[in-house]
């Protein structure tokens, strides 16, 4: 266990505490505070919530609200529900169709993010994009998707990218349920929806919580939308990961960037604790009389 412990300590534990330490300083990349930063204690955190009007593009408050919306639409509503639906539908189709679908969906998961980002950029490009080419062929008006609908573009993009994980997780969960449960439901004349509601979903409750924890944290920290919009136009897609990058590596304000990182870690921790609380909560059952 020692080599693994050393690697975890060097690349996880030490950076974790270093980020917390830097967040209380005015460390920067350039200037006198690069080598000799001063302790400013909670000044970086105060500036995050008080700078500007708080909800204008380019501020921490705006990026926080935008990220919450991004997680809600692309992770919880998009990836989780779509992955659950695909996994359940795959239980109803022939093995050949199931294998082909799994291969196509997993392809979206294993491809490098840079490749996927540039592929989607080429798909949505106004002048030579594939989507506008299809619309032209159908006689429909083309759209400047990255300029007119930047937020929904990154929502659809991230949903397409991450649904594969949810589908694979739920697919394995459904496969672990004894077939006799569903066979008994078939004999009783249960519909597909009734089998899903009364048998499938209750038995994969733990997998649902695991999926929600992972995709929430991943989506909260995802940086791939930067490849499509670079946070624009006008900061309309500057989620917290891109905001942190801009503050720390463009404005060279490491102290403030570290403060954003600490806040993000606390938010992820809150999400994880909430999901675990929901998973452990048990609804009292009335005794049959």
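Numbering (UniProt numbering), first residue to last: 1 to 289. Even for Gly, the Cβ is constructed at its ideal location relative to N, Cα and C.
Residue 160 and residue 138 have their C-alpha atoms spaced approximately 24 angstroms apart. In this structure residue 228 is in contact with residue 121, their Cβ atoms being roughly 6 angstroms apart against a cut-off of 8 angstroms.
Under the three-state reduction of DSSP output, residue 25 falls in the strand class.
When the beta-carbon positions are compared, residue 262 and residue 46 stay at least 8 angstroms from each other.
Excluding residues up to 5 positions away in sequence, 113, 116, 117, 157, 158 and 161 lie with their Cβ nearer than 8 angstroms to the Cβ of residue 224 in the same chain. A contact between stretches requires three or more CB pairs, one per stretch, nearer than 8 angstroms, and the segment 237–250 meets this requirement with the segment 64–79. Between residue 259 and residue 44 a beta carbon distance of about 4 angstroms is seen, short of the 8 angstroms cut, so the two are scored as contacting.
C-alpha of residue 274 to C-alpha of residue 85: approximately 24 angstroms in a straight line.
When secondary structure is reduced to three states using DSSP, residue 17 falls in the helix class. Contact fails between the segment 144–152 and the segment 203–216, because fewer than three Cβ pairs, one in each stretch, are under 8 angstroms apart. Assignment of residue 223 by DSSP, reduced to helix, strand and coil, places it in the coil class.
One Cα belongs to residue 135, the other to residue 211, and the distance between them is close to 36 angstroms. Between residue 38 and residue 153, the alpha-carbon positions lie close to 42 angstroms from each other.
Taken through DSSP and simplified to helix, strand or coil, residue 11 comes out as helix. With a cutoff of 8 angstroms on beta-carbon distance, residue 83 and residue 163 are scored as near each other.
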